[in-house]
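To start, the structure itself, in structure tokens.
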Amino acid sequence: MERFKSNRGEHVNNAYDSTLDEPPVYEDTNFSNGDHRMVRPSVVSAFGHDTLDRVPNIDFYRNAGSVSGHRAVRPSLQELHDVFQKNGAISVPDTVEDDGESSDGTPSDDLESAVPADTNKGAVKFGWIRGVLVRCMLNIWGVMLFIRLSWVFGQAGWGLGIVVIVLSCVVTTITGFSMSAICTNGVVRGGGAYYLISRSLGPEFGGSIGLIFAFANAVAVAMYVVGFAETVVDLLKENSALMVDEINDIRIVGCITVVLLLGISVAGMEWEAKAQIVLLIILLVAIVNVFVGTFIPATPDKKSKGFFNYNSKIFLENFAPAFREKETFFSVFAIFFPAATGILAGANISGDLRDPQKAIPKGTLLAIVITGITYLAVALCVSASVVRDATGNVTDVVAVGALCNGSSAVACELGYDFSSCAVNKCKFGLMNNFQVMTMVSGFGPLIIAGTFSATLSSALASLVSAPKVFQALCKDNIYKALHFFAKGHGKNNEPIRGYILTFIISVAFILIGNLNTIAPIISNFFLASYALINFSCFHASYAKSPGWRPAYKYYNMWLSLFGALLCCVVMFVINWWAALITYAIEILLYIYVTVKKPEVNWGSSTQAVTFVSAVSNALSLSGVEDHVKNFRPQILTLTGSARSRPALLDLAHSFSKNYGLCLTCEVFVGPRSEALREMNDGMEKNQQWLRKTKRKAFYAAVACEEFREGTESLLQASGLGRMKPNILMMGFKRNWRTAGAKPVQSYVGILHDAFDFEYGTVILRADQGLDVSHIVEAEEEMLKAAREQQALENEMMPNGGKAKGLFRKSRNSSTQVLTTRVSVCGPPPPQVAKMNERLLEASAQFKKKQPKGTIDVWWLFDDGGLTLLLPYILTTRKKWKDCKLRIFIAGQPERSELDKQEMKSLLQKFRINCTDINVIDDIHVRPSSDSLQKLEDMIEPFRLHEGSKDNAQAEAMQKEHPWKITDKELNNFEEKTNLQVRLNEVLQQNSKSANLIIVSMPIARKESVSDFLYMAWLDILTKDLPPTLLIRGNHKSVLTFYS
166 MERFKSNRGE
176 HVNNAYDSTL
186 DEPPVYEDTN
196 FSNGDHRMVR
206 PSVVSAFGHD
216 TLDRVPNIDF
226 YRNAGSVSGH
236 RAVRPSLQEL
246 HDVFQKNGAI
256 SVPDTVEDDG
266 ESSDGTPSDD
276 LESAVPADTN
286 KGAVKFGWIR
296 GVLVRCMLNI
306 WGVMLFIRLS
316 WVFGQAGWGL
326 GIVVIVLSCV
336 VTTITGFSMS
346 AICTNGVVRG
356 GGAYYLISRS
366 LGPEFGGSIG
376 LIFAFANAVA
386 VAMYVVGFAE
396 TVVDLLKENS
406 ALMVDEINDI
416 RIVGCITVVL
426 LLGISVAGME
436 WEAKAQIVLL
446 IILLVAIVNV
456 FVGTFIPATP
466 DKKSKGFFNY
476 NSKIFLENFA
486 PAFREKETFF
496 SVFAIFFPAA
506 TGILAGANIS
516 GDLRDPQKAI
526 PKGTLLAIVI
536 TGITYLAVAL
546 CVSASVVRDA
556 TGNVTDVVAV
566 GALCNGSSAV
576 ACELGYDFSS
586 CAVNKCKFGL
596 MNNFQVMTMV
606 SGFGPLIIAG
616 TFSATLSSAL
626 ASLVSAPKVF
636 QALCKDNIYK
646 ALHFFAKGHG
656 KNNEPIRGYI
666 LTFIISVAFI
676 LIGNLNTIAP
686 IISNFFLASY
696 ALINFSCFHA
706 SYAKSPGWRP
716 AYKYYNMWLS
726 LFGALLCCVV
736 MFVINWWAAL
746 ITYAIEILLY
756 IYVTVKKPEV
766 NWGSSTQAVT
776 FVSAVSNALS
786 LSGVEDHVKN
796 FRPQILTLTG
806 SARSRPALLD
816 LAHSFSKNYG
826 LCLTCEVFVG
836 PRSEALREMN
846 DGMEKNQQWL
856 RKTKRKAFYA
866 AVACEEFREG
876 TESLLQASGL
886 GRMKPNILMM
896 GFKRNWRTAG
906 AKPVQSYVGI
916 LHDAFDFEYG
926 TVILRADQGL
936 DVSHIVEAEE
946 EMLKAAREQQ
956 ALENEMMPNG
966 GKAKGLFRKS
976 RNSSTQVLTT
986 RVSVCGPPPP
996 QVAKMNERLL
1006 EASAQFKKKQ
1016 PKGTIDVWWL
1026 FDDGGLTLLL
1036 PYILTTRKKW
1046 KDCKLRIFIA
1056 GQPERSELDK
1066 QEMKSLLQKF
1076 RINCTDINVI
1086 DDIHVRPSSD
1096 SLQKLEDMIE
1106 PFRLHEGSKD
1116 NAQAEAMQKE
1126 HPWKITDKEL
1136 NNFEEKTNLQ
1146 VRLNEVLQQN
1156 SKSANLIIVS
1166 MPIARKESVS
1176 DFLYMAWLDI
1186 LTKDLPPTLL
1196 IRGNHKSVLT
1206 FYS
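And the structure:
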């Protein structure tokens, strides 16, 4: 074994990669067992001896197909634990090559697996400034800044105006904090808000919000473009250059603009980013132009329009609100708030960011701060220099110092008389002129350019965001019909199909859409996204999952919850009917995704909260004592594999349904190492089958040397707190006469154990049997053979089956493989096939709706009421609703009617309805000789016949065959044995046509009744009958007539 020499007193560790994000180096290695696997260099130097253990490395934690590096697979626990026990030498290879599964052993479905690593070479990735900060600022700085901000502060005054802006920033800042926490809790891939919400709250919330968020962005493109087109058409109108008319000119300019924007987007993210930079420069120049203009001395024309440069009196006059035309604080807030949105512009292209975890929090929060300060600064500058009303007439002047009053008092003091605005509506001032910014600025055309820049940048951001989010949604295949749009093109995986769809939606709304009506709905769609981002952060924090470890620490779960509620309130403030429509659409989509149940598992906080809730409820339940009124069947069913005994499982499931615990259990018998491997392999497969077939049950398994020992472990350890099984349900052992002494002793021993642990016990006997495991195994073998055949054909014909000549020889070997396989698991003989067909039909009998008939209950012994309660529960299920209960009891000939009345009274008190009560008063009669002969023939091979021998011989025989039935035992239990035979005769007479028979199970006293005699009792009692349940409660009441 080679040791690595130290370097300056430090060990050199070959397993350590200085660049942890780079793929590790692998070496081709051949092993003694013929395997050829990729192996990492040994880590001898780290520990001073040869070891299979690996040092911690990022590559062990990647998803399969990760675009950021190769996923390594650490040695399994079995490799580390088992090898030395076998041969004392290290024969297991180091770390194997990626097997296409995620780190938890399940196929990876994360977005980082969607694109092969080599396709991303040369892809354009943005930092936090170009990728997030610039985009968010451009999206937040909209036309509101140049057109409506002055009106907002005119209506609300700068006092309440500051409240409007601050409140808007509070909503976006809280959302920014929440988004930052989610972004820094793991790798963020493409999909923006959809990705964050779906990975936090699950596909139901993510799928519903993702679709409406993508749609909102697509329609927002139309809104911004129409805003741009209206400004252009206004300019054309001023210069008398209209092409057709105003409406059609807006449509023409809008469509041309969308086409140009689409061209920029399709050209690639690099071109789109350059266009954004140009638009940002124009916008910044326009904003600076406003500030510069406030310092330029006002001309008489500007003064007549209400602009007087900075003046403290104007500033004080504009402090108080002056709501007009039925406007209120909330209506003004509703108009301004959409301008504060746009904080998701950076997150929406998360897949194109170099480091989304750092870029999104830093860029988004800084953009909120910068834009918030800008809005406040611009608004306050205007509020300090422009009056609310002005005529625009340069002749409306008065002598400076003249007596003034009313709303135009300050203007009067400055030499202008705007008192006429109190009578007639004026066209200028903060309240009347939407072009105040153009008037105030140093150079008016720059404001128009700024308006163009604001609208076009927002439209471009939305045009990029919608397809990116939609592509991520489609890749996850939550809506299978939309998977067509998942395909990307080029080095940046551009969603060309999504761009075209967004273009079509935008043009449609430009041409036919009423944007004034649709605008509130779009705003509410964005707010719904914000609300869910905040709720995602709260939910993840509330779940206290160990996996919730955001690097960003400046968040608070209650603040996030407040932010979510605030978003919901703002939705109604903006427009109540739009909020209701948004909620309705989201709920419908949520229900759709929930019903479809997409096969994804992202470790959402919903799962974590469900777990926490389950633990909390289980703990609460453990503090409550059991009460007979709350008794419900909690069934431990010995089915073997979940698919092995479907009839047994279906009947157990009918008892528990969704309201009680049902465990389907399997005992793996054999050497522990082999049994454990088989058990671990089948655990998830069986649970998945239960979910797929909608059986509300849990699968549990144990590995033991003996079947009875494993069942005993299940009986003792299954369940949690009060949620423990109270009924053992198993199938009847049909082959007890040929199985041998040990299996029979084990089977009867399990019944004794169940009674010892005070379980109610249920045995199901069906004429065709219950076990279909051999059919399941044959089916799996055939499927495996088909898969192998398909794999071989795919490998040998990579061109879709068109290859010739070169692959002909390989095809023959493929056929040979399949022929060999089929010869092993080929079709069974006709007689066996017919038996299997009947068995499969019988195994599905309790899965389908039961025909009209009866459930015959033979309540012979009072066992606490379980024999009566279980059939009653069956009648409450849809599958059994057409079956009526018939009760049979044992009675004495002279008091049959009295017994019947007593039972009827008891059933009325229990509120259990039945169609008939039958008193059997001839059970004590001796069975017929034919029936007794059948019993004799049944037990003959297991009798000791020691009665004709002397004592010494008898003792020797008994010692040699202690499990056999002695003559003494038969004599002692003759009456009880005859009772079972007689009961079968009575059952044949009265219940031969029943859908299901339920009979009180006889009990065998331990060490008194031999196992074979007890099996004979159970066999003869249920022989040649319809499906029969033998039930014995634990003799504790499960029924009560008290309220």
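Heads up, the sequence shown is in our numbering, so the first residue is 166 and it goes up one at a time. Each residue gets a CB set at the ideal place from its N, CA and C atoms; glycine is no exception.
Check	Outcome
The alpha helix (DSSP H) enclosing S1165, as first and last residue numbers	Run containing S1165: none in the alpha helix (DSSP H); it sits in the beta strand (DSSP E), L1161 to S1165.
CB-CB length for V317 against G326, believed under 8 Å	6 Å
Exposure of N658, with buried meaning 16 or more beta-carbon neighbours within 10 Å	buried
Cβ pair T1019, R1197 closer than 9 Å	no
Cα-Cα separation between S315 and F599, rounded to whole angstroms	7 Å
The segment 895-907 touching the segment 1145-1161, judged by at least three CB pairs closer than 8 Å	no
Residue range of the alpha helix (DSSP H) that includes Y540	P521 to S548
Exposure label - F370; buried when at least 16 CB within 10 Å	buried
Exposure of Q1015, with buried meaning 16 or more beta-carbon neighbours within 10 Å	buried
Three or more C-beta pairs below 8 Å linking the segment 431-439 and the segment 519-535	no
Runs of alpha helix (DSSP H) wholly within the segment 991-1078 (minimum 4 residues, chain order)	995-1008, 1031-1040 and 1061-1074
Burial state of T802 (16 or more Cβ within 10 Å)	buried
Length of the line joining the Cα atoms of L298 and A432	22 Å
Assumed close pair S809, V937 - CB separation to whole angstroms, cut-off 8 Å	6 Å
Sequence-distant residues of the same chain with beta carbon closer than 8 Å to K1188, five excluded per side	K1099 and N1149
The alpha helix (DSSP H) enclosing N454, as first and last residue numbers	M434 to F460
Beta-bridge pairing of N782 - partner residues as DSSP gives them	Beta-bridge pairing links N782 to no other residue.
Backbone secondary structure at H654 - three-state DSSP	strand
Nearest-angstrom Cα separation, counted from T903 out to K1133	24 Å
Proximal residues to I715 (C-beta, below 6 Å), its chain only, five neighbours per side dropped	For clarity, residue 715 is Pro in the given sequence; the question names Ile instead. Excluding positions up to five away in sequence, the list reads A346, T349 and N350.
Residues bridged to A868 (per DSSP)	F833
Whole-angstrom C-beta distance between L786 and G886, which should lie under 8 Å	6 Å
CA-to-CA distance, E751 to S821, given in whole angstroms	34 Å
Beta-carbon contacts of K1201 that lie in its chain and below 6 Å, excluding the five residues immediately before and after	G1029
Segment contact, 8 Å Cβ cut-off, at least three pairs: the segment 622-641 with the segment 507-514	yes
3 or more residues per run - each beta strand (DSSP E) lying fully within the segment 801-859	827-834
CA-to-CA distance, V780 to L754, given in whole angstroms	30 Å
Integer-rounded CB distance, given that S701 should sit under 8 Å from L366	5 Å
Close-in-space but distant-in-sequence residues of the same chain around L444 (CB under 7 Å, 5 per side omitted)	L303, S618, L621 and S622
The segment 836-847 in contact with the segment 855-869 per 3-pair CB rule at 8 Å	yes
Secondary structure of L885, DSSP reduced to three states	strand
Between the CA atoms of R1060 and V913 - distance to the nearest angstrom	37 Å
Contacting residues, own chain, Cβ-Cβ under 7 Å from N1199 (five flanking each side not counted)	E923, Y924, G925 and G1029
Minimum C-alpha distance to V386 - residue among E395, I377, V423 and I412	V423
Buried or exposed by the 16-neighbour rule on C-beta atoms within 10 Å, applied to Y1207	exposed
Sequence-distant residues of the same chain with beta carbon closer than 8 Å to P1191, five excluded per side	D932, S1156, K1157, S1158, A1159, N1160, L1161 and I1162
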